[in-house]
Structures are given as C-alpha cells and as structure tokens.
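Taking it in order: structure first as structure tokens, then the write-up.
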Amino acid sequence: MKNFKTIVLSNQEISSGYYRMRILAPGFGKVGKPGQFIMFRVQTSLPPLLRRPFGIFRTGFLPADCEGQPPKEYLEILYKVVGRGTTIMSGLHEGDRVEVLGPLGRGFDLGAAGNDKILVGGGIGLVPLYMLAQELVKSSRVRLLIGGKRRDDIIMVTEFERLGVNTHIATEDGSLGEEGFVTRVLERKLQKYPQAEVFACGPMPMLEAVQRLCAAENVPLQVSLEALMACGVGACLGCVVKGAGHSEQNPQYLCTCKEGPVFRAERLDWSKLTDEEGTCEGCKS
Amino acid sequence: MKNFKTIVLSNQEISSGYYRMRILAPGFGKVGKPGQFIMFRVQTSLPPLLRRPFGIFRTGFLPADCEGQPPKEYLEILYKVVGRGTTIMSGLHEGDRVEVLGPLGRGFDLGAAGNDKILVGGGIGLVPLYMLAQELVKSSRVRLLIGGKRRDDIIMVTEFERLGVNTHIATEDGSLGEEGFVTRVLERKLQKYPQAEVFACGPMPMLEAVQRLCAAENVPLQVSLEALMACGVGACLGCVVKGAGHSEQNPQYLCTCKEGPVFRAERLDWSKLTDEEGTCEGCKS
Amino acid sequence: MKRPSLAVNIAGIHLKNPVMPASGTFGYGEEYAPYLDLERIGAIVTKGLSLRPKAGNPTPRIAETISGMLNAIGLQNVGIDDFIKFKLPFLREVNTPVIVNFFGNTLDEYGEVAARLADLPEVAGLELNISCPNVKQGGIVFGTDPKAAAEVVSLVRSRSKKPLIVKLTPNVTDITVIARAVEEAGADALCCINTITGMAVDIKTRKARLANKTGGLSGPAIRPIAVRMVHQVVQAVKIPVIGVGGIVRPADALEFLIVGASAVQVGTANFVDPAAMLSIIEGIEQFCIEEGIGDIGELIGSLQL
Amino acid sequence: MKRPSLAVNIAGIHLKNPVMPASGTFGYGEEYAPYLDLERIGAIVTKGLSLRPKAGNPTPRIAETISGMLNAIGLQNVGIDDFIKFKLPFLREVNTPVIVNFFGNTLDEYGEVAARLADLPEVAGLELNISCPNVKQGGIVFGTDPKAAAEVVSLVRSRSKKPLIVKLTPNVTDITVIARAVEEAGADALCCINTITGMAVDIKTRKARLANKTGGLSGPAIRPIAVRMVHQVVQAVKIPVIGVGGIVRPADALEFLIVGASAVQVGTANFVDPAAMLSIIEGIEQFCIEEGIGDIGELIGSLQL
Ligand SMILES: Cc1cc2nc3c(=O)[nH]c(=O)nc-3n(C[C@H](O)[C@H](O)[C@H](O)COP(=O)(O)OP(=O)(O)OC[C@H]3O[C@@H](n4cnc5c(N)ncnc54)[C@H](O)[C@@H]3O)c2cc1C
Ligand SMILES: Cc1cc2nc3c(=O)[nH]c(=O)nc-3n(C[C@H](O)[C@H](O)[C@H](O)COP(=O)(O)OP(=O)(O)OC[C@H]3O[C@@H](n4cnc5c(N)ncnc54)[C@H](O)[C@@H]3O)c2cc1C
Ligand SMILES: Cc1cc2nc3c(=O)[nH]c(=O)nc-3n(C[C@H](O)[C@H](O)[C@H](O)COP(=O)(O)O)c2cc1C
Ligand SMILES: Cc1cc2nc3c(=O)[nH]c(=O)nc-3n(C[C@H](O)[C@H](O)[C@H](O)COP(=O)(O)O)c2cc1C
Ligand code: FES
Ligand code: FES
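Residue numbers (full-length UniProt numbering), protein chains in the order written: chain D, 1 to 285; chain X, 1 to 285; chain Z, 1 to 305; chain U, 1 to 305.
This is how it looks when you write it as structure tokens:
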C-alpha cells in the first residue's frame, strides 16, 4: 500500500471503447493480490478532481534490456471509457506521468483447493478475475462464464484460455456465444457442479442474480463490488454498502474500498444493497 | 471578428520560455490589422476557464501542396510562458484543436507617410510591432528599439531586420546590445529625429517612461496596453483603464479590449493608469 | 421527428427558448452580435443600469480562480439616459425580448429607474438587482434583509407595470425567506443566483487580486450551490424561477430545468465561448428529442424524488 | 540558510507547523498512516464523533463536481466509546497533537461528548462542529443562529477545559456575527469553513446525484469563498482562526495564512493526493525561505491593504 508517481508504458484500445494500460510499477507484483484495486490519477492534471478506482488486471515484468539491470515490473489495468476521467485516460501515451495508489482493499479468498471454481464476469468485470484465475488454475478446475451486451463487450477471452481456463460466452444480443444472460449459463453449471465455489464481478443486476442462484444452491460466493469512491483508503466513508443485519439502530455499513471490494456474499445485505432511497434520522431534507 | 475552431500547425520554443505558435486561420489575413489581438483557448479543455489574449504576430500562407487547392492561411502568435494557461499552451502539438476569437480591438494608426517611425518594444511587447513594421516600411524609415532584461528576452531581431528595419538592442544586464533601459536609446533617437512618431508596447514602467519622453518632446505616441481580460469584446468591463480627464464624477473608463489595446497616449490618464488603489463611492469594503 | 417546443413564458414574457444571457456578461447585446445571432436566444438581458452613469471600481476588477472567476466591476454602466439614447435603438431592431437589469443606490433611485423604463415599448421586462455584492449601499443590504427586499420590490412594482423579475443574492442563510418576501411584495418571477462573495490573494505581493479586495465568484465552480438554491426557491414560491450560476454545457442548463427553473441564464460561459448559448439551446433540444420530450414544460421540475 | 520556524500555537495547542487535515477527510488518522508520516503534520483532526455510533446517510453519498465534490456522508462515525477503545490507542503512539471533532444531535449530547473527552490525555483539543449541513437537528440550526451557537459553545465550555475550536458554517448571511457570538461564549479558536450546501442532478435519471439530495461542496471550487470568509472572521475576532476550504497546493495555504489564518486544514486534497499535506508543508517552508521569512508568524495576517 503506497502512493507512487510513475509513467505509462503503453495504452491501447483493445476493443471498441476498451483500453489496456500498462504502467511502470516496481515492486507491485509482490504485494498485489487478486481482486485488489488501485486509485489512478493523471499527474499535474486537476480535472477530474478525484482519483478513479480500477481493478488490477495483472502484473508482470518487461524483458530486461541490459545486462545487470533488474527487469522492470509493471501493472496493467483494463478500462472502459464511460465519462470524463476515462476519456482523459484514453488519450494518454507512453511516458505520460501518472500516479497510482495501491494495491488497495481486500482481494479474493482462493477457497478450497480442488473444488470446481466458477468465475462469472460481466463486461469489464472480468478484470479482477484474471489474476484470480492465474492462482486458481494451480490447484482447481476453473470455468469462466463471460457475459456482455454485445460482441464488443467480450474481451480477453484468449488470455483466460491461455491460462487453461474453460470459457463460456453469453451476449444479450446473441452476437457472440449463447444468446441471453450469463446467469442462465451459471444456472446450468451449478446443477452440474454442486461442489463449486463462485467468484463474480460485474454490474449490480448480474451480481444480484448470481447471488440468488448461489444462495438457492448453497454454493459459496464471493463478489467484487463497485462503488463511488473518493479516498480509496477508508477515510471518507463515501463508498459504503449495507452489511448483513444492517438497520438504522444497528448500522452495518461496510467500506467497499477497505473491507471490500471483494466480499463473501453472506456479509452483505442483498435486500438493500442497491436501495438508494432510504432515510436517516437527522437528514430528511 | 469571429470565433473559429481550428488547429495548431506548429508550436516551437524559439528562445528559453518563448514560443511561436502557428494556427490555421482561413481568411484571417484580410481582416487583421497591426496591433489587434485574439482571445485564445484550447478546445475541450476547461482549465484555464478564461481565454487568454495574445497579439497577432503575423499572418501568412502555407505553400499550396496540391494543384487547384487555395493556399492555407495561418496566423502566428508569440508567447512567453508565465502561468497556467501559457504552460498548457506550450505543450500543444500540431493538430491539437484550439479556438480563436478575433481579430479584436483597435490596432495602430499608421501615421503620416514619410515621417521617421520609432518602434519601442520590451520583451514580448515586440509582437504587435511586427505587422506594424511590415506596413510602415512601405513608406517610412523604421527604427526598432528593443529592450529586455537578459539576452534570452531579445527575440525576433532577424525577422525585423529582414523587413528593412533598423534595430537597436538594450538589455538591463548588458548581455546583448547596450547595457541599460531601452528608454535611454529612445531619448537619444528623439533628439536626433524630432519629427518622429513613436509606437510602443511593453511593460507598464517602460511605457510610462516612453510617454514622459514623448510628451516632453511633443512627439506623437501610440501605445499598446495589456490588461486582465475576461471577454475581449467590451462586454465584461474587466479590462478598463482610465482615460484622460477621468474623475469619480466624470468617469472616463476605456475598455482596453475594444477601445484599445492601442491608444494614442493623449487619450489616457497617465497619472492614474497604474494606480490600482482608488476607491469608488459604493465599494469601500 | 417533430421538433420539441422550447418556448416558455416568464412573467408574461414569451421566450422562444429558455436560454438568455446573465446580466453583466453580455454588455448591451451589441457586443456579441458579431458572434451569435441574437434572434436565436430566448431574451437579451442588459448590463445592470442605474439612474446616472456609474464609474465602477478601480482595477484590477477581475481574477481567474479554479473553474471560476471573481469580478468587482462595481456596476459600471452608461446610465439610463445613454442607454435609451445609444443602446436601445440597436436592440429595437432585434426580434428578441429585452430584459433590462437595473439597480439603485438608494430606494428612491430604484423607483426612479423603474419609472423611467416603464413606458419604453422595447423593454419586455425588468430584472431588479438587489443582490450585487460589489455595491453596498444600493445592493447587498436590500438583498439580504427580507423586509428591505420587500420594500424595494413594492416600490418598483408601484412605479412600473412591466413584468418584474427579482434577482436574488446567494449570500444569505436562507434564500427561501427572501424569495417569499419578494414574491409577496409583487415580483412576477425570480432569478437566482447572483455571484457569491469571494476573495483571492496574490501571494507574492500579498495583496488581494482585486482592487476592491472582495468580488463576486461566478462560473462552473458555483454551479452546485446555484442548483441547490434554485431547487430550494422553486419549492418555496409559486412564481417562475430563472436559474443561473455556472452553466457552460447543455447538461448544466438541464440540471436547472429539472430542479424546476423555468428558464436559465448563461453568464461567465459567454466569455469562454461567445456562442455558448447556441450550443446550450441545441443541446437542450437534442436532449428533448432523445428523451421523447415534446414540450420543454414536461422537463421543467421533473426531478424524481 | 536557517530553516524558518513554522511552529504556531492555536488555543494553547502547540503545532510544529500550521498544516492539519480537515475533519472527515482523514478518518481517524490510521487510514493514512501508510502514506504519510503522521508525525510530520501539525495535528491530527478526527472524523466528527457523536455520543453513540451513527449510521450516516444512504448511498450514493458522494458526487464529483467541477473542481469540487459533494458529500452527504451524514456524519457516520463509530461513536465516542469505540473511538476511545479502538482508535485512540493508535493515536496515542503518534507524537502529534490530536484534535477531536465532535457534534451532538441535541444540546445535551454536545455537552455529554465534551465531558467524555475532557479527561483524555491523548486529546489535545476539541473541535466543535456546529456546521455540518448534512445533519439538521444536531448541526445546521446551531451553526446559523448566533444565540443557539453561543449556547452550545457555553455548554461545552462548561463541561471541558480542553482548548476549544469551533467550526463555523459558510451557509450564513454574515459569518462574523456567528464568529463573535461564539468567541464571546468562550471559544479559544475558530475554524472556517465547513462545506457549502450544494446539489447535483443526474440528467438521465432526473434524480439528485446524492441520496440525501443536497450535500456539502468542498474542494478547490470553494476556495475563494473560504478565503473571503476567513478574511472577514479574522477582522472580527481576537482569537486565532484556522482556515479551510479548497487547499490543494502550497500557494492555496499561503493565501489563507496571508489573510490571517493561524493554521490551515486540508480536506478534499487528501483524497487526491494522500501526501498533499507534506507537499504543502514543504511548499510553505520553501516560500518562507525565498521571501526571507524567519518565522511563520511574520506571514500570518501580512495582507497588504
Ligand atoms: C473497486 C473498483 C474497481 C473498478 N475496476 C474497474 C476496471 O477494472 N475497469 C473499468 O473500466 N472500470 C472499473 N471500475 C469502474 C471505474 O472506476 C469507473 O468506470 C470510472 O471511475 C469512471 O470514471 P469516469 O470519469 O470516466 O466517469 P464519470 O461518470 O465521469 O465519473 C464521475 C464520478 O463517478 C465515479 N464513477 C463512475 N462510474 C463508476 C463506477 N462504475 N464505479 C465507481 N465509480 C464510478 C468516478 O470515479 C467519478 O468520481 C472500478 C470501480 C471500482 C470501485
Ligand atoms: C491585448 C493583449 C495582447 C497580449 N499579447 C501577448 C503576446 O503577444 N504574447 C504574450 O506572451 N503575451 C501577451 N499578452 C499577455 C498574455 O495575455 C498573458 O501573458 C497570458 O494571459 C498569461 O496567461 P497564463 O495563464 O500563462 O498566466 P496566469 O498568470 O496564470 O494567468 C492568470 C490570469 O491573468 C491573466 N494575465 C496574466 N498576465 C497577463 C498579462 N500580462 N496581460 C493580460 N492578462 C494577463 C490571464 O489571462 C489569466 O486570466 C497580451 C495581453 C493582452 C491584454
Ligand atoms: C463580469 C460580471 C459582471 C456582472 N454584472 C452583473 C450586473 O450588472 N447585474 C447583475 O444582476 N448581475 C451581474 N453579474 C452576475 C451574473 O449575472 C450572474 O448572476 C453570475 O455571474 C452567475 O452566473 P455565471 O456563473 O453563469 O456567470 C455579473 C457577473 C459577471 C461575471
Ligand atoms: C467526505 C467529507 C467528510 C466530512 N466530514 C466532516 C466532519 O465529520 N466534521 C466536520 O466538521 N467537517 C467535515 N467535513 C468538512 C471538511 O472538514 C472541510 O471543512 C471541508 O471539506 C472544506 O475543506 P476542503 O475544501 O479542503 O475539503 C467533511 C468533508 C468531506 C469532503
Ligand atoms: S472510498 Fe473513501 S472510505 Fe471508501
Ligand atoms: S475584456 Fe471584457 S470588456 Fe474588455
């Protein structure tokens, strides 16, 4: 956990609107765990004001270019251009100066070796699953179920397959893989592998559906959540979600940045997780 | 007078901290007059919020690159990096999208043909004098007195000499030309050419000294002023200077952007031009 | 697809669309005529006028801040006589309603100016400025005290039958108190917000960056504050509210309309882009088309609770 | 060259330099320990504490705005008991004064919390929050009414001998009225400003971007307003004033010191750069060296008129 000023090594569009950025990050691989994230910022650019959270896609080493020098370590993020910050990011080039705070948060627990592992990723939600798969394949069979709206949203399939992961694709418009929601695929797999453990990351409606399926089948589930974040380190309390047993009298707010972004499903209050309405004693303005 | 979105053609450092930017500007040459300025902005970049005023250094045509196509017209500005806006500008490259509002304001009156013309420029104050010299050399002998702190502040001398202008340099540290203030040179020249007309642009203390000398010798003087500007078109009233005869009862504020930036010296209230203190009836907070 | 109707009616003034300049940022209209077609905007709002010409403040009068600017122009203006003589003839030829912003240095002067403007057919409406932070006597005291605000509005109301918009200051504890007082005193519409008092310091010279020391903060920086206040005022009064403060992009104007502003004013953004109002009008229209809104009225006040 | 002395004394609390975090942006200190040496900053200011743990507001609680952010955290905190049990032991080991920010939902609760903190040796001083815009009952009413403000300050004063800093809200017509009332009631120092109430709207969903609808605006956008208010308050009272609002760079902090703040707090900037306070401290030191200032006291209030 530290904040370091560094530079972009490369920044490429890998699918329409999806970018992969490689950032120089000495020492990062030793500390980063699957499911952790960074808070990213372009140095010297005030707007956008706040840093942006991104999952760590992977870390690695550049080939050493001169004898004697230790190989350079990098980290990679994968991001989708959605707003102001990511638009600015998409314009960055090799050598541009950026700032990385991380690795942050709690990553995935690898679960019991040998059990079937089912990874469910929607769109950019694949990101935190890559390093997870890297670890899991060492001792388990790993299946990755990938969902997305259209063909363009399905990224990084080959990368996962190269790890030895079995992949299944579903798109809502049927333009790649099976037509429909990825949760339909999950339903079938859970029938087939009742001993499986599930790891999911993606949009909230997908996670909710995954949670319902896993709860019904009594299958352990870990989810990686997204939340609006200002600090990333547990200081601002902007990123909270409701924990199991939450009530006004007995508040159980959990920081997504510090206690997450990966949570065991049973730690969360699924009935209210996306309930944005609520009220609170003092503030009914 | 219009606002147009265009692109940078080139942007080069010509002396330490001084840049020359060429901007695509179809039709600009026909309307721009010596002494006018533009309000410049980098497209899509909010900060800095306000546009920045820059004198028009020169306009010209790129060599036509294909048969039949009319040659492309450009305008050039010369700027010194002093703060946030100019720092951002210094990082612009060919093809970057910018916005230009102009040409704005009143330029120089060319005076009587045949009379000796003395141009006095301090540092970046040379900018509006270039197009003026281009015109004046057609019918008068033109002398340019260039002042600056150090050698690095003396720019564009060859460009002026190529026009047939006689140049004299003074630097405060003596690192180029004569040592001391440029006004010392002016003093001598005024003795020698009592029929001269003077045109000056540069820092306020220099302009004040020039004004005193010209007033003493009864020599016509036009000065180009700088002022903080928000709109550049006479709407915000942020850029005013006090005109001759100004008083609280009979306010004679002149807009630098609209009634200037070039003023005949006698139109201005030199006693109060740089008096930032003042008070006003309603506002003594 | 049918073009959505953007027309709104503010206090009896018919506007072809809800976008107009904010007083003091658009001169007397003619300054911007070379850069945008004045007949495409909803209304023209003049620089604040007073009975006699006003010199304004010493310089420097403006300072850029982060995403904003400070100004202490001090309400420099040509005065009502010269306005009628030299500025109005130009505006007469433009087929867009003219709203005259004005102020007085005393209560009497407020009434006097209103009376002078009462019979001019070229003037579609009055915008009463009781909120300029840069002129103490004739401004802020009226705008921060509900009693004084009501008094000046009543007086002006009695001197002119023109549609009367009252422009409120944000520099108050509870803007709804002033809003209600002014509504009761006879205002036909409200305009919020004027600038927020601010200050910036040059750390090298250790002097305030404005000769007047403090000035009014405007620009994108203040938008969330303006949106909040417009939202509050809309809930508090029945008369229409014009939203202003930090509007640069179409989305910014839409925020104000959604919380309930019947129209918007664009100020500092005119300096940044003289054609900003046109992009905003086009953007609003585009948004209506995308969202299937046939009449801007459906959008106004459509905030989901 | 001798290093300039940056030490200041606020209400009897000795600070090695005038830079500390703003409450609510630095957790309970430990959150930022991995990123900056807590012993290099002037003081540690905790998240606002209440008698009992507080759940805070529903989400979304934050929204980025232009050069600022809105928050409606709703003063979520662990409560005084858990603070003493779980947070204070960490702070005890850090050789930097700890200032505890706190609030009550009722007048009694304010007194109660003050009393609970009164005897803790680890607590160097109290920062009384009468200004959070997100909690109505226990916040804004006290902060906007001089009588109520004085009452709560008197009560707290009577329950604790600790140095007492009172944090003021900017959401008032005249901050000097509150400042003087609070000074008279026994405050040892003032801290201004808290956030300014604002609002932002998602134009697609037409919902406020915060579940609480309105929230507090912080960040660079508000700096000119904060500088103005600190300037006003410094003129109005004799006790020291801590300046806060939009400080990101050393120059920003210097503006506040020059208008007369005896120390500064850094809030939102901690999120942008966890080491922001260190750069600010270094920048202030550098500036003193360049300007030949041997003691920061020479800089404080050095505004040229
Ligand atoms: C732990 C975590 C890991 C993430 N990993 C990835 C990843 O690997 N790849 C990727 O493309 N995206 C990821 N996201 C989402 C990513 O942070 C947002 O897409 C990004 O912040 C949008 O920024 P913007 O300026 O382009 O969008 P804007 O909409 O302009 O942003 C406005 C504000 O909202 C916030 N915001 C907007 N969308 C989201 C979101 N979905 N989640 C959190 N904050 C948001 C921004 O950070 C900013 O503060 C992750 C989010 C979290 C919390
Ligand atoms: C009519 C006119 C013509 C000019 N021509 C030239 C030119 O040809 N070349 C050149 O290098 N400079 C010229 N200047 C000055 C130039 O506008 C400033 O140097 C520039 O705006 C500084 O911007 P900044 O963001 O780098 O500085 P900052 O100090 O960060 O700017 C802060 C604010 O102050 C304003 N400002 C700062 N310095 C000046 C100044 N000297 N004059 C006016 N506004 C200022 C900026 O526009 C901005 O609003 C001219 C100014 C005027 C009024
Ligand atoms: C340079 C300048 C001059 C202004 N003059 C006036 C004025 O004369 N009368 C008035 O009511 N408001 C005046 N205002 C306030 C604006 O009309 C508007 O309320 C404010 O700037 C906020 O809008 P903005 O953020 O879009 O600029 C002025 C603002 C600026 C920036
Ligand atoms: C996320 C967040 C939480 C805050 N919580 C508190 C709080 O608990 N108590 C308090 O007095 N101020 C609180 N504040 C206000 C800050 O202490 C500070 O006054 C304000 O943010 C302005 O400073 P800045 O612009 O440097 O952020 C909070 C601000 C933010 C952004
Ligand atoms: S992002 Fe600040 S507490 Fe999680
Ligand atoms: S810059 Fe606006 S009036 Fe001159």
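We treat Cβ as the ideally placed atom computed from N, Cα and C, and that holds for glycine.
Quick caveat, the model's predicted, so the values are computed rather than measured.
{"Check": "Where does Arg249 (chain Z) sit, in a helix, a strand or coil, going by DSSP?", "Outcome": "coil"}
{"Check": "DSSP puts Cys255 (chain X) in a beta bridge; with which residues?", "Outcome": "X:Val240"}
{"Check": "Closer than 7 Å by beta-carbon distance: list the chain Z residues that pair up with Gln76 (chain U), in chain order.", "Outcome": "Near Gln76 (chain U) there are no residues of chain Z at all, since even the closest Cβ is about 21 Å away, more than 7 Å."}
{"Check": "Going along chain Z, which residues have a C-beta under 8 Å from Val240 (chain X)?", "Outcome": "Gly56, Thr59, Arg61 and Gln76"}
{"Check": "Indicate whether Asp152 (chain X) and Ser15 (chain X) have their beta-carbon atoms separated by less than 8 Å.", "Outcome": "yes"}
{"Check": "Helix, strand or coil for Ala148 (chain U) per DSSP?", "Outcome": "helix"}
{"Check": "Closer than 8 Å, CB to CB, is Tyr110 (chain Z) near chain X or not?", "Outcome": "no"}
{"Check": "Among Z:Lys87, Z:Met229, Z:Pro146 and Z:Leu70, which residue has its Cα nearest to the Cα of Asn77 (chain Z)?", "Outcome": "Z:Lys87"}
{"Check": "Straight-line CA distance for Thr173 (chain U) to Leu299 (chain U)?", "Outcome": "29 Å"}
{"Check": "If you reduce the DSSP assignment to three classes, tell me which class His14 (chain Z) lands in.", "Outcome": "strand"}
{"Check": "Answer with buried or exposed for Phe26 (chain Z), where buried requires no fewer than 16 other C-beta atoms within 10 angstroms of its C-beta.", "Outcome": "buried"}
{"Check": "Given the structure, does Met206 (chain D) come close to ligand 4, in the sense that its CB is under 7 Å from one of the ligand's heavy atoms?", "Outcome": "no"}
{"Check": "For Asp153 (chain X), which three-state DSSP category applies?", "Outcome": "helix"}
{"Check": "What do you reckon, are the CB atoms on Ile258 (chain Z) and Ile280 (chain Z) nearer than 8 Å?", "Outcome": "no"}
{"Check": "Taking 8 Å as the limit between beta carbons, can you name the residues of its chain near Ile13 (chain U), skipping five residues before and five after?", "Outcome": "Ala43, Pro97, Ile99, Ala124, Gly125 and Pro163"}
{"Check": "What is the DSSP secondary structure of Phe256 (chain Z), counted as helix, strand or coil?", "Outcome": "helix"}
{"Check": "Just to be sure I understand the criterion: a residue counts if its Cβ is closer than 6 Å to at least one heavy atom of ligand 2. Which residues meet that?", "Outcome": "X:Phe37, X:Pro48, X:Leu50, X:Arg52, X:Pro53, X:Phe54, X:Gly55, X:Ile77, X:Leu78, X:Tyr79, X:Lys80, X:Val82, X:Gly83, X:Arg84, X:Gly85, X:Thr86, X:Ile124, X:Val127, X:Glu226, X:Ala227, X:Leu228, X:Met229, X:Pro261 and Z:Glu64"}
{"Check": "Tell me whether Ile7 (chain X) sits in a helix, a strand or coil according to DSSP, three-state version.", "Outcome": "strand"}
{"Check": "Using the beta-carbon of each residue, which ones in chain X are nearer than 7 Å to Ile284 (chain Z)?", "Outcome": "In chain order: nothing, as chain X lies at least about 20 Å away."}
{"Check": "Can you tell me the Cβ-Cβ gap for Ala11 (chain U) and Ala253 (chain U), rounded? I've got them flagged as a contact below 8 Å.", "Outcome": "Not quite, the Cβ-Cβ distance comes to about 19 Å (not below 8 Å), so this is no contact."}
{"Check": "When we look at the beta-carbon of Asp273 (chain Z) and count the other beta-carbons within 10 Å, is it buried (16 or more) or exposed?", "Outcome": "buried"}
{"Check": "Can you grab the Cα-Cα spacing for the pair Pro194 (chain D) / Phe4 (chain D), in whole Å?", "Outcome": "44 Å"}
{"Check": "When Cβ atoms are compared, which residues of the region 214 to 230 of chain D fall closer than 9 Å to chain U?", "Outcome": "Ala227, Leu228, Met229 and Ala230"}
{"Check": "What's the gap between the Cα of Ile146 (chain D) and the Cα of Leu136 (chain D)?", "Outcome": "17 Å"}
{"Check": "What does the Cβ neighbour count give for Phe90 (chain U), buried or exposed, with the cut at 16 atoms within 10 Å?", "Outcome": "exposed"}
{"Check": "According to DSSP, simplified to helix, strand and coil, what is Gly292 (chain Z)?", "Outcome": "coil"}
{"Check": "For ligand 3, is there a heavy atom less than 7 Å away from the beta-carbon of Cys236 (chain X)?", "Outcome": "yes"}
{"Check": "Any heavy atom of ligand 8 within a distance shorter than 7 Å of the CB on Gly198 (chain Z)?", "Outcome": "Among the ligands present in this structure, namely ligand 1, ligand 2, ligand 3, ligand 4, ligand 5 and ligand 6, ligand 8 is not found."}
{"Check": "Using a Cβ-Cβ distance under 8 Å, would Ala200 (chain Z) count as near chain U?", "Outcome": "yes"}
{"Check": "Name, please, each residue of chain X whose Cβ falls closer than 7 Å to the Cβ of Met69 (chain Z).", "Outcome": "Leu49, Leu50 and Ala230"}
{"Check": "Might you give, ordered along the chain, the residues of its own chain that have their beta carbon closer than 6 Å to the beta carbon of Ala72 (chain Z), omitting 5 neighbours on each side?", "Outcome": "Asn57, Arg61, Asn134, Leu210, Asn212 and Gly215"}
{"Check": "Hey, is Thr25 (chain Z) close to ligand 3, as in C-beta under 7 Å from one of its heavy atoms?", "Outcome": "yes"}
{"Check": "Measure the alpha-carbon distance for Phe160 (chain D) versus Thr167 (chain D) and round it to whole angstroms.", "Outcome": "8 Å"}
{"Check": "Are any of the Cβ atoms in chain X nearer than 8 Å to that of Glu64 (chain Z)?", "Outcome": "yes"}
{"Check": "Kindly give me the distance between the Cβ atoms of Asn34 (chain X) and Gly107 (chain X), rounded to whole angstroms, as I take these residues to be in contact under 8 Å.", "Outcome": "The sequence shown places Pro at residue 34 (chain X), rather than the Asn named in the question. About 5 Å; that satisfies the 8 Å criterion."}
{"Check": "Could you work out which residues of chain X lie near Thr96 (chain Z), taking near to mean beta carbons separated by less than 9 Å?", "Outcome": "Result: empty, since nearest Cβ-Cβ is about 16 Å, beyond 9 Å."}
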